[in-house]
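Novice: Here the protein sequences come in this chain order: A and B. Our numbering puts the first residue of the first sequence at 83, with every later residue one more than the last. Our numbering puts the first residue of the second sequence at 159, with every later residue one more than the last.
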Amino acid sequence: MLRGFPSSFASLLLSGLLAAVAAAQDAPLVFFGARIEPVDGPVIEQGVLVVVGGRIVAVGPASTPRPEGAIAIDCAGKTIVPGLVCSHSHIGSVAGADGSGPIQPEVRALDGINPRDPGIQKAQAGGITAVNIMPGSGHLLSGQTLYCKLRDVRTVEELAIRNEDGSVAGGIKMANGTNPQRDAPFPGTRGKAAALMRAQLHRARDHQQKLAAAKDDPSKTPERNLGLEALVEVLEKKRVVHHHTHRQDDILTVLRLQQEFGFRCVLHHVSEGWLAAKEIAAANVPCSVIVIDSPGGKLEAANLSLQTGAILDAAGVLVGFHTDDGITDSRLFLRSAALAVRAGMPRDKALAALTIANARMLDLQDRIGTLTVGKDADFVVLSGDPFSVYTRVEQTWVEGNKVFDLADPQDRLFADGGFGASDDQSVSLCCYGQQGGQ
Amino acid sequence: MRALLRLAPLAAAWLAACEALHGGGGVATAPQTPAASAAAPAPAVVTPTGGVGATAPASPPTFAVFAAELWTMAGAPIRDGVVLVRDGKIAAVGPVADVDVPDGTPARRAAVVTPGLIDAHATVGLSGVLNVPHDQDMLERSAPVQPELRALDAYNARDPLVGWLRGFGVTTAHTGHGPGALVAGQTMVVKLHGRSADADVVKSLAMLAVTLGEGGRSAGNKSPGTRAKSVAMLREHLQKAREHAQKRAKDPNAPVDLALDAAAKALDREVPLLVTAHRALDLQSALRVGKEFGVDVVLDGAAEAYELLPEIQAAGCWVLPHPAMARASGELKNGTMALPKLLATAGVPFALQSGYEAYVPKTRVVLFEAGVAVGRGLSPEQALRALTVDAARLLRIDDRVGSLVVGKDADLALFDGDPFEYTTHCVGTVIDGLQYGVGAPR
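#1: State buried or exposed for B/VAL453, treating a residue as buried only when at least 16 other CB atoms are found within 10 Å of its CB.
#2: Is A/PRO110 buried or exposed, if buried means 16 or more other CB atoms sit within 10 Å of its CB?
#3: Just checking my contact of B/LEU323 with B/MET346 at CB under 8 Å: how many whole Å lie between their CB atoms?
#4: What residues in its chain sit with their C-beta under 6 Å from that of A/ALA441, if we drop five residues either side in the sequence?
#5: Alpha carbons only, please: which of A/GLN290, A/GLY456, A/GLY178 is nearest the one belonging to A/PHE343?
#6: Name the chain B residues whose beta carbon is nearer than 9 Å to that of A/GLY248?
#7: Are the C-beta atoms of A/PRO377 and some chain B residue less than 8 Å apart?
#8: The alpha helix (DSSP H) with A/ASP487 in it runs from where to where?
#9: With a threshold of 16 other CB atoms inside 10 Å of the CB of B/VAL596, please say whether the residue is buried or exposed.
#10: Write down every uninterrupted run of the alpha helix (DSSP H) in the segment 134-213 of chain A whose length is 4 residues or greater and which is fully enclosed by it, in chain order.
#11: List the residues of chain B whose Cβ lies closer than 8 Å to the Cβ of A/ALA397, in chain order.
#12: For B/ARG406, which residues in the same chain have their Cβ closer than 7 Å to its Cβ, ignoring the five residues on either side in sequence?
#13: Is DSSP giving B/SER613 helix, strand or coil here?
#14: With B/GLY533 as the anchor, note down where its alpha helix (DSSP H) starts and where it stops.
#15: Would you say B/GLY327 lies against chain D (beta-carbon separation less than 8 Å)?
#16: Grouping DSSP H, G and I as helix and E and B as strand, with all else coil, what is B/PRO273?
#17: By DSSP, does A/MET256 sit in helix, in strand, or in coil?
#18: Please report whether the beta-carbon of A/LYS380 lies at a distance below 8 Å from any beta-carbon of chain B.
#19: Quick one: using the 10 Å Cβ neighbour count with 16 as the cut-off for buried, is B/GLY505 buried or exposed?
#20: Could you give the residue range of the alpha helix (DSSP H) that holds A/LEU293?
#21: Name, please, each residue of chain A whose Cβ falls closer than 7 Å to the Cβ of B/VAL480.
#22: Looking at the C-beta of A/LEU349, does it have a partner C-beta in chain B at a distance below 8 Å?
#23: Grab me the residues of A/VAL141's own chain with a C-beta within less than 8 Å of its C-beta, minus the 5 sequence neighbours each way, in chain order.
#24: How do the segment 383-390 of chain B and the segment 409-428 of chain B stand: do at least 3 beta-carbon pairs fall below 8 Å, yes or no?
#25: Where do the ends of the beta strand (DSSP E) carrying B/ARG237 lie?
#26: According to the Cβ coordinates, are A/GLY411 and B/MET483 closer than 8 Å?
#27: Using a beta-carbon distance below 8 Å, is A/PHE501 in contact with chain B?
#28: Is it right to say A/PRO164 is buried, meaning 16 or more other beta carbons lie within 10 angstroms of its own, or is it exposed?
#29: Which first and last residues belong to the alpha helix (DSSP H) in which A/ILE243 is found?
#30: For A/GLY426, name the three-state secondary structure that DSSP assigns.
#31: If the criterion is Cβ atoms closer than 8 Å, does the pair B/LEU99 and B/GLY327 meet it?
#32: So, is B/ALA444 buried or exposed, given that buried needs 16 or more other C-beta atoms within 10 angstroms?
#33: Closer than 8 Å, CB to CB, is A/ALA106 near chain B or not?
#34: Output needed for B/SER217: all residues of its chain with C-beta closer than 7 Å, excluding positions within five of it in sequence on either side, in chain order.
#35: Suppose the cutoff is 6 Å on Cβ atoms and the five residues either side in sequence are ignored; what does the same chain contact list for A/ILE155 look like?
#36: Can you find a C-beta in chain B that's less than 8 Å from the C-beta of A/PHE113?
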């Protein structure tokens with residue numbers, strides 16, 4: 083649904099500085115000599131990647147024709163993979179719903195993201211180019227999420243990925259299990275949690291029916307209700323539910339709710355997903371899995387397994403990984419998939435789980451997630467094997483613009499840490515494009 | 159160790175040859191579901207004959223461990239090495255050609271074998287897996303200064319996280335009271351058999367856990383409420399302990415005071431103060447107190463230690479850098495994953511730790527933290543030293559563990575490749591000559 087929308091955000095640009103950056107992309111860029119793992123097909127040794135106007139125009143072997151006047155970038159010895167897509171993150175110091183109630187669908191992450199948060203630079207340093215920024219899990223429904231491109235930006239609007247109609251793209255965040263349990267009006271038990279959510283979805287269904295009955299007659303149109311409108315989008319499958327859930331019974335409760343109301347859903351974390359693989363596969367619901375170094379820390383994660391990704395994948399479930407940043411560090415996102423490989427997941431599936439699988443969960447599969455001609459030029463230059471501890475993210479590119487370079491001392495500060503690495507950043511960190519994309 | 163990766167086919171052929179020579183005899187770990195490993199990671203002892211017992215056999219068996227790459231940490235790594243284990247000790251170690259392994263000796267083999275890893279600072283066994291009040295014994299909040307709290311009385315050897323760590327090659331841990339109070343209590347050194355504190359203890363009193371900075375403040379209006387008050391209270395306690403010790407030296411009938419007696423052990427330099435602090439000013443305070451009272455200080459966490467390298471060097475302090483993956487927020491906001499490398503470059507002695515976690519992961523895995531430090535520039539050999547010989551030296555247990563030397567405890571970690579690589583598995587651990595499986599594939 084996003085295909086055809088201008089991938090460059092040039093149309094949004096007001097600043098002369100950023101316009102210069104956009105103009106710099108006009109020179110074609112040719113990355114040559116790398117091992118390219120395009121994810122949509124076999125690995126290409128000594129491959130060539132050609133970028134024009136922020137899009138991929140060619141991916142192929144060394145013999146791939148190069149456009150005239152292109153800037154050639156030698157990537158011998160490097161590995162190029164698609165930009166990583168994180169389907170669940172809390173960077174941007176995002177906050178959604180407040181303590182007044184358990185269900186707040188009118189709240190938007192868009193209005194609570196700080197684009198100067200260093201978490202954004204750190205995510206770029208980890209090779210992440212697109213991310214689903216979500217409010218937290220302390221509510222049954224904590225608000226609307228925001229799908230972002232990690233461009234170097236001045237405003238949150240420039241981070242946002244947009245739908246064809248110009249609206250910002252995003253899902254909605256729900257949670258069950260222990261995190262949303264508190265004193266009333268929050269639920270105190272699982273049964274109450276499900277009842278509250280079902281009641282709210284019924285209200286949304288009523289609202290949807292009233293809207294449908296009114297058609298274009300303003301006299302019959304129900305009063306506007308921002309929360310119910312967001313939930314109507316959920317019922318109409320326009321807005322995906324991103325559902326935090328850990329324990330096997332909680333996972334099955336989500337599937338029950340999903341079947342009752344017919345919304346589209348991604349299961350997140352799924353610590354006990356390995357105990358519900360059959361049911362999840364049968365429901366054809368994708369899983370965004372968190373990889374944590376040990377079980378426990380909370381009751382519902384006591385049976386966490388590092389094999390979850392491998393088991394769900396083998397059962398036929400679409401599997402992605404996420405950082406849940408700050409639970410795990412965006413700079414080590416590749417590590418999550420590497421640990422899954424360690425636990426038995428095929429390498430190609432593990433790389434897909436960082437890229438195209440997550441893109442699918444965000445309805446962005448036509449635009450990002452693989453190195454495919456026509457897609458956005460979002461990619462990562464690695465020093466070696468994506469799943470080796472010795473490999474560094476050397477460069478991250480978004481829509482043909484370099485947004486991270488390990489050779490740059492300021493960027494290296496974000497990559498490793500150090501004095502000032504966690505302070506809010508100035509907006510002037512957007513300079514690579516001025517040097518012809520390098 | 160990276161060389162191993164290039165030699166992988168050779169190692170595989172070598173392993174096949176060993177298999178042919180020595181026949182079976184290896185340890186068969188029963189396939190387990192994730193449930194078996196996560197819900198109830200059985201601390202079962204797997205004997206060389208493949209039997210699984212709930213308790214350790216009366217006397218540890220004799221067996222040999224062959225390694226394509228044997229890191230003894232007492233000399234250069236050995237290509238094609240073997241360790242002969244007898245009575246829980248290392249009976250022989252060296253190149254295969256030089257070690258006489260009696261016929262019929264049960265054999266295990268692995269691509270890489272190292273000394274059992276030492277987690278130089280953890281709270282495992284006190285900060286339990288469920289993270290509910292009843293299994294969190296690393297911090298007593300009733301008073302700010304309680305050095306009399308013994309780790310031995312709080313360590314739950316049966317907590318599932320003990321077995322979890324053992325599954326990653328960790329055989330010894332320095333664990334005990336955690337950060338969060340000015341003086342939270344004592345720490346101990348324990349082998350990760352998972353039997354009981356008394357059966358597994360190596361050293362019942364290792365250090366006194368002190369926290370400076372924001373992390374050591376008391377809640378509400380209770381003291382200490384500021385940095386300066388924290389230091390004043392610590393100095394006061396040490397001063398009283400000194401006076402009390404003098405009194406007891408003169409008068410054998412002077413009353414026992416557990417809190418002052420414990421602190422007196424720091425004044426005698428019998429144990430160091432383990433000072434958890436991150437900001438540079440708090441690290442300086444720790445050094446200042448150490449100098450004033452002549453106590454040994456180990457800097458724990460030390461996120462901004464890179465700002466004070468000359469001062470730390472001058473004080474001769476050991477540093478336990480925070481886990482490489484510790485979250486860079488709060489007092490760690492200026493932390494860097496490269497801290498171990500920076501310490502190594504400056505020649506500051508250090509060991510690696512899993513630290514304390516309040517949430518998830520409930521325990522970090524020191525092998526993983528070392529891996530990330532290696533990914534940020536620490537050499538694999540330096541990392542392995544920090545996990546073995548150097549940690550043993552810091553904990554003053556190097557007469558027993560940390561290197562593969564005849565007569566030392568038979569503590570081994572077996573890997574199927576470079577131990578620091580994300581995709582490498584620990585395929586077994588040996589503690590005091592007892593062999594442990596690693597649970598489910600993970």
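Every residue, glycine too, gets a C-beta built ideally from N, C-alpha and C.
Specialist: Well, looking at it:
#1: Counting of Cβ neighbours within 10 angstroms places B/VAL453 among the buried residues, the total reaching 16 or more.
#2: Under this definition A/PRO110 is a buried residue.
#3: The Cβ separation is near 15 Å, so there is no contact.
#4: Result list for A/ALA441: VAL167, GLN447, ILE450, GLY451, in chain order.
#5: Of the listed residues, the one whose Cα sits closest to A/PHE343 is A/GLN290.
#6: Under the 9 Å cutoff, chain B gives no residues; its nearest Cβ is about 36 Å from A/GLY248.
#7: Put simply, the CB of A/PRO377 is near chain B, with a gap under 8 Å to one of its CB atoms.
#8: The continuous stretches of alpha helix (DSSP H) do not include A/ASP487, which lies in the beta strand (DSSP E) extending over residues 483-487.
#9: By the neighbour-count criterion, in which a residue is buried when 16 or more other Cβ atoms sit within 10 angstroms of its Cβ, B/VAL596 is buried.
#10: Listed in chain order, they are 200-207.
#11: Contact note: A/ALA397 does not reach chain B at a C-beta cutoff of 8 Å; the least C-beta distance is about 14 Å.
#12: The beta carbon of B/ARG406 sits closer than 7 Å to those of ALA412, all from its chain and outside the five residues before and after it, given in chain order.
#13: Outside the modelled stretch of chain B, which goes from 159 to 600, sits residue 613 of chain B, for which no answer is possible.
#14: Residues 524-533.
#15: Protein chains in the displayed structure are A and B, and chain D is not among them.
#16: It is a strand residue.
#17: It is a strand residue.
#18: At least one chain B Cβ lies under 8 Å of A/LYS380.
#19: With fewer than 16 other Cβ atoms within 10 Å, it is exposed.
#20: 272-296 is the extent of the alpha helix (DSSP H) around A/LEU293.
#21: In the sequence as presented, Val is not what sits at residue 480 of chain B; that position holds His. Correct list: empty, because the minimum Cβ distance to chain A is about 10 Å.
#22: For A/LEU349, the answer is no, since every Cβ of chain B falls outside 8 Å of its Cβ.
#23: Leaving aside the five residues that flank A/VAL141 on each side, the residues in its chain whose CB is nearer than 8 Å to its CB run, in chain order, ILE118, PRO120, ILE126, GLY129, VAL130, LEU131, VAL132, LEU453, THR454, VAL455.
#24: The segment 383-390 of chain B is not in contact with the segment 409-428 of chain B.
#25: Looking at the DSSP string, the run of the beta strand (DSSP E) that includes B/ARG237 is 236-244.
#26: Looking at the sequence provided, one finds Asp at residue 411 of chain A rather than Gly. Result yes, Cβ atoms of A/ASP411 and B/MET483 sit closer than 8 Å.
#27: Against chain B, the CB of A/PHE501 has a partner CB under 8 Å away; the residue lies at that interface.
#28: Classification of A/PRO164: buried, given that the 10 Å Cβ count is 16 or more.
#29: First-last for A/ILE243: undefined, no H or E at that position.
#30: In the three-state reduction of the DSSP assignment, A/GLY426 falls in the coil class, being assigned neither a helical nor a strand state.
#31: The structure shown does not extend to residue 99 of chain B, since chain B is modelled only from 159 through 600, so no value can be given for it.
#32: Around the Cβ of B/ALA444, a 10 Å sphere holds 16 or more other Cβ atoms; the residue is buried.
#33: With a pLDDT of only 49 at A/ALA106, under 50, the local geometry of the prediction cannot be trusted, and the value read off the model is given with reservation. Output row for A/ALA106: interface = no.
#34: Apart from sequence neighbours up to five positions away, the residues of its chain that approach B/SER217 with a beta-carbon distance below 7 Å are ASP245, ordered along the chain.
#35: Result list for A/ILE155: PHE113, in chain order.
#36: For A/PHE113, the answer is no, since every Cβ of chain B falls outside 8 Å of its Cβ.
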